[in-house]
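Protein sequence lines correspond, in order, to chains A and B. By this note's numbering, the letter at position 19 of the first sequence is numbered 27, and the numbering carries on one by one without gaps. By this note's numbering, the letter at position 196 of the second sequence is numbered 204, and the numbering carries on one by one without gaps. Beta carbons: idealized from backbone N, C-alpha and C, even for Gly. Keep in mind it's a predicted model, so treat the numbers as computed, not measured.
Protein chains: 2
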Amino acid sequence: MTDLDALDRDDPLAAFPERFDLPSGVVYLDGNSLGPLPRATRPAVDALLAGAWGRDLIASWEGNGWMAAPLRVGEAIGRLIGAETGSVIAGDSTSINLFKALAAALALRPGRTEIAVVADDFPTDHYIAGGIAGLLGRGHRLRAGAPGPETAVVLAGHVDFRTGRMRPMVALTAEAHAVGALAVWDLSHSTGAVPLALAAAGADFAVGCGYKFLNGGPGAPGYLYVAPRHQGVVPALAGWMGHAAPFAFASGYAPAQGIARFGVGTPPILGLAALEVGVGLALAADMAALREKSLRMSTIFMEGAAALGGFGCLTPADPDARGSQVCLTHPEAAAIMGRLAALGVVGDFRPPDILRFGITPLTLRYRDIGRALACLAQARGE
Amino acid sequence: MTDLDALDRDDPLAAFPERFDLPSGVVYLDGNSLGPLPRATRPAVDALLAGAWGRDLIASWEGNGWMAAPLRVGEAIGRLIGAETGSVIAGDSTSINLFKALAAALALRPGRTEIAVVADDFPTDHYIAGGIAGLLGRGHRLRAGAPGPETAVVLAGHVDFRTGRMRPMVALTAEAHAVGALAVWDLSHSTGAVPLALAAAGADFAVGCGYKFLNGGPGAPGYLYVAPRHQGVVPALAGWMGHAAPFAFASGYAPAQGIARFGVGTPPILGLAALEVGVGLALAADMAALREKSLRMSTIFMEGAAALGGFGCLTPADPDARGSQVCLTHPEAAAIMGRLAALGVVGDFRPPDILRFGITPLTLRYRDIGRALACLAQARGE
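Right, dumping it as structure tokens:
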């Protein structure tokens, strides 16, 4: 057995778990569903409430940086995902951001009607895509499989939510471009978890989630990435916060320059304040060290589960095809997850038979993985 | 001069201003733009962070009522606006909610292409309407003026943001219905400020803002009202939170029954927690008393400003046509508003020449109105 205490001693990210406020006695392997509370979040949010809102009131839109928050937090996320400067805006839910991305991509490919999707991808992505296809209603449709001459846009989750498999962004983006289509990536399960290089990959659009590996809090705002070459498109969700001069209250819509035009309503300041703390923690960590710790942890967990016997594993053994979660299968998955929870190990059950464990290197120690494996042995044996 | 101290002594809502945390020495007449901080908000949000998020983590979605929050807060707002049970959902920005309402209304009137709007209404409403017209792109267009045979939907702000004029909801809704159109109301400047009876008025859809008279905090979630008879429409923004079984992760979209189907992404829990405090305060007040105090305050303010001379007034003298704000005009409006701010009186300048003062009876005392008038005299005279 690997010496987990030694790994913890040598861990260059060892200081990070101390920066989160986790209940004692709990091994939290659900940070890919809801990241835990950073210790800095409570004081940051309270300062926002008492100071910026309570004392400075309306003046905070300029004086305390509220107006700038969507682009400021977006810029920080952009550094995490290898985006060009000025190509990310934070705010709205991931689903709404996906709608914006798909509407823009379809507008850029007016002669094409097909949205190519990955079968079994995160369902809400397909619901949103189906919704916009229905709204456009000019023969627009979803089709699972490789893009073709009718394909306007390829929509794919980067890390599969059920299996933890990471799809090859460079290759799939190139495949889309080869047939004249655009690529929209859902980075919900990879932002803050794996190295990303959107600009280098040639991605066209991307969206991601603030409350998973970014630890931004329940229902945190999501984000939208638009490659600079596409930022001239007129947004379908045309709101005043994307207007060139929102406080001129002009009757005609004139979109702002750059990524700012993808703002819609008044930004969710409380959610953005909490998200900013989480993004800051992720940025403070070295991404290469984070990836190395993630893969080492998931390998230990997968090998340990295999040694127990009785579990299938949906997560690829190949590290290059692995995100930052481990998905086991077991006929009694739901019952085992319940017993694990009683032992203080929190993961997710996903129907029909999946035990999903988030590997969040910022918030976990190697010895947590050891304890999770010991509890898994116990939970299976009962 | 009215005895303002006597009015304060007799005010049935006198306890409410104590429940807000306003900076000392400030008369805040901008609660129609950003409502002030309720004293109960900081502890409520901190309990959410430390307890629900920090300690209970993912279990809070069920155990601490996070999943139910959009409908729970929506139901509370529904009581404020005279809506049927189960017809309001909170979440997303007002602009996004307006998009949902317009998309649904247009889907219910498939043969019609016109969105009738009010000239000079809140610009973002027109931007959003223009965006959806462009997205549909089958001859859809906006037209200012009375509805006609091509009109699918009439979109109107209930209280005009520039003038404080309140439009007659019953009459305008009936006018829309008379030509077979649907009525969509923007209640941003009336929710929590004036009595509303959506069900009785026969309104079809409505949206409103959480951070103005509801005191929900900067960028608070907005809300959407859908009359029960229209809740069968398939949402254009089809997200997993509107799915009949979001955690089944089914590949096909099957909308939930009732208002729940208008949920989209993961609800913004921090924002909803702060909004819930504000809505609770508004519900605790007697709406008839609130309206009476509002009208008495705005009358005192309008008469006082008229006595000063030099100001025009855009706000109707007729109380039945008045919302809960007073809009004065002056050639030097911007400079006067700046001097008022230096004297501790906070209002809004709106181009080109409007001084806008929010009358928020929950957070103001009559003597605040007296002080504002005294400062207005001073600011004008300099």
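Beta-carbon neighbours of residue i, restricted to chain B and to distances below 8 Å
i, result
"A/D100", "D100, S101, I104, G273"
"A/D13", "Those do not exist, as A/D13 stays about 26 Å from chain B at its closest Cβ, beyond 8 Å."
"A/D128", "S259"
"A/F270", "Neighbours of A/F270 on chain B: none; closest Cβ ~12 Å, over 8 Å."
"A/H251", "P131, T132, Y135"
Assigned exposure category for residue i - 16 Cβ within 10 Å defines buried
i, result
"B/A252", "exposed"
"A/S259", "exposed"
"B/S32", "exposed"
"B/V285", "buried"
"A/T93", "exposed"
"B/G346", "exposed"
"B/L291", "exposed"
"A/E26", "exposed"
"A/G119", "exposed"
"B/Q7", "No answer is possible for residue 7 of chain B: the residues shown for chain B start at 9 and end at 390."
"A/A127", "exposed"
"B/A154", "exposed"
"A/D38", "buried"
"B/R375", "exposed"
"A/R146", "exposed"
"A/L106", "buried"
"B/R391", "Because chain B in this structure spans residues 9 to 390, residue 391 of chain B falls outside the shown range and cannot be described."
Beta-carbon neighbours of residue i, restricted to chain A and to distances below 7 Å
i, result
"B/D166", "A small fix is needed here, since residue 166 of chain B is His in this sequence, not Asp. Here the premise fails: no neighbours, minimum Cβ distance about 17 Å."
"B/P25", "Chain A residues near B/P25: none, gap ~14 Å exceeds 7 Å."
"B/A209", "Residues of chain A passing the Cβ test: none, with the nearest at roughly 25 Å."
"B/A111", "L143"
"B/L45", "L57, W61, G62"
"B/F221", "Within chain A, no residue comes near B/F221; the closest Cβ sits about 14 Å away, beyond 7 Å."
Contacts that residue i makes with chain B (C-beta to C-beta distance below 7 Å)
i, result
"A/A282", "L278"
"A/P131", "W248, F257, A258, S259"
"A/S198", "Correct list: empty, because the minimum Cβ distance to chain B is about 17 Å."
"A/R50", "D54, L57, A58"
"A/S41", "I66"
"A/I136", "A246, G247"
"A/P327", "Chain B residues near A/P327: none, gap ~26 Å exceeds 7 Å."
"A/F107", "L245"
Contact list for residue i against chain A, beta-carbon separation under 8 Å
i, result
"B/F213", "Per Cβ cutoff of 8 Å: no residues; B/F213 is ~17 Å from chain A at best."
"B/D194", "Correct list: empty, because the minimum Cβ distance to chain A is about 12 Å."
"B/V353", "Within chain A, no residue comes near B/V353; the closest Cβ sits about 12 Å away, beyond 8 Å."
"B/G331", "Within 8 Å Cβ-Cβ: nothing; B/G331 doesn't reach chain A, min ~17 Å."
Closer than 9 Å at the beta carbon, the chain B residues around residue i
i, result
"A/P339", "The contacting residues do not exist; A/P339 stays about 19 Å from chain B at best."
"A/V309", "One point to set straight first is that residue 309 of chain A is Phe, not Val, in the sequence displayed. Residues of chain B passing the Cβ test: none, with the nearest at roughly 19 Å."
"A/D18", "Per Cβ cutoff of 9 Å: no residues; A/D18 is ~28 Å from chain B at best."
Chain-ordered chain A contacts of residue i [CB-CB under 9 Å]
i, result
"B/S95", "Under the 9 Å cutoff, chain A gives no residues; its nearest Cβ is about 21 Å from B/S95."
"B/R79", "Per the sequence presented here, residue 79 of chain B reads as Leu, with Arg not at that position. Neighbours of B/L79 on chain A: none; closest Cβ ~14 Å, over 9 Å."
"B/I267", "By Cβ distance, chain A contributes nothing, its closest Cβ being about 17 Å from B/I267, past 9 Å."
"B/P31", "G62, R63, D64, L65"
Taking contact to mean 3 or more Cβ pairs, one atom from each stretch, closer than 8 Å, check whether the region 37-52 of chain B and the region 354-372 of chain B are in contact. yes
Residues, ordered as in the chain, of the region 53-71 of chain B that lie near chain A by beta-carbon distance below 9 Å: V53, D54, L56, L57, A58, A60, W61, G62, R63, D64, L65, I66, A67, S68, W69
Quick one: which residues of the region 359-384 of chain B get their C-beta closer than 9 Å to a C-beta of chain A? List them in chain order. P359
Tell me, please, whether the region 225-240 of chain A touches the region 114-122 of chain B by the rule of three or more beta-carbon pairs shorter than 8 Å. Because the criterion of three Cβ pairs below 8 Å is not met, the region 225-240 of chain A and the region 114-122 of chain B do not touch.
Measuring CB atoms only, is the region 177-185 of chain B touching the region 255-275 of chain A, in the sense that at least three cross pairs come out at less than 8 Å? no
Fully enclosed by the region 213-277 of chain A, which beta strand (DSSP E) runs are 3 residues long or longer? When DSSP assignments are scanned along the region 213-277 of chain A, the uninterrupted stretches of beta strand (DSSP E) that are 3 or more residues long and fall wholly within it turn out to be 213-216, 231-234.
Inside the region 34-60 of chain A only - alpha helix (DSSP H) runs reaching at least 4 residues: Listed in chain order, the alpha helix (DSSP H) runs fully inside the region 34-60 of chain A are 49-55, counting runs of at least 4 residues.
Okay, do the region 205-214 of chain B and the region 69-76 of chain B touch, 3+ Cβ pairs below 8 Å being the bar? no
Which whole runs of the alpha helix (DSSP H) in the region 63-131 of chain A are 4 residues long or more, in chain order? 68-71, 77-88, 102-116
Taking 8 Å as the cut-off, does the region 18-28 of chain B touch the region 349-359 of chain B (at least 3 CB pairs, one atom from each stretch)? These segments do not touch.
What residues in the region 226-247 of chain A have a beta carbon less than 8 Å from any beta carbon of chain B? P226, G227, A228, P229, G230, V242, P243, A244, L245, A246, G247
Report yes or no: do three or more beta-carbon pairs, one from the region 122-139 of chain A and one from the region 165-176 of chain A, lie closer than 8 Å? Per the Cβ contact rule, the region 122-139 of chain A is in contact with the region 165-176 of chain A (3 or more Cβ pairs under 8 Å).
Stretch-stretch touch, CB-based, cutoff 8 Å, three pairs: the region 73-86 of chain B with the region 184-198 of chain B: no
Runs of alpha helix (DSSP H) lying entirely within the region 286-315 of chain A, each at least 4 residues, in chain order: none
Quick check for students: name the residue ranges of the alpha helix (DSSP H) that lie wholly in the region 145-212 of chain B, counting only runs of 4 or more. 177-186, 206-209
Taking 8 Å as the cut-off, does the region 53-67 of chain A touch the region 170-177 of chain A (at least 3 CB pairs, one atom from each stretch)? Short answer: they don't touch.
Listed in chain order, which residues of the region 164-188 of chain A have Cβ atoms closer than 7 Å to some Cβ of chain B? Among the residues of the region 164-188 of chain A, none has a Cβ less than 7 Å away from any Cβ of chain B.
For the region 243-251 of chain B against the region 298-314 of chain A, do three or more pairs of beta-carbon atoms, one drawn from each stretch, fall closer than 8 Å, so that the two count as touching? no
Could you name each continuous beta strand (DSSP E) segment of 3 residues or more that falls completely within the region 329-359 of chain B, going from the start of the chain to the end? 333-337, 356-358
Residues of the region 289-301 of chain A with a CB closer than 9 Å to any CB of chain B: list them in chain order, please. none
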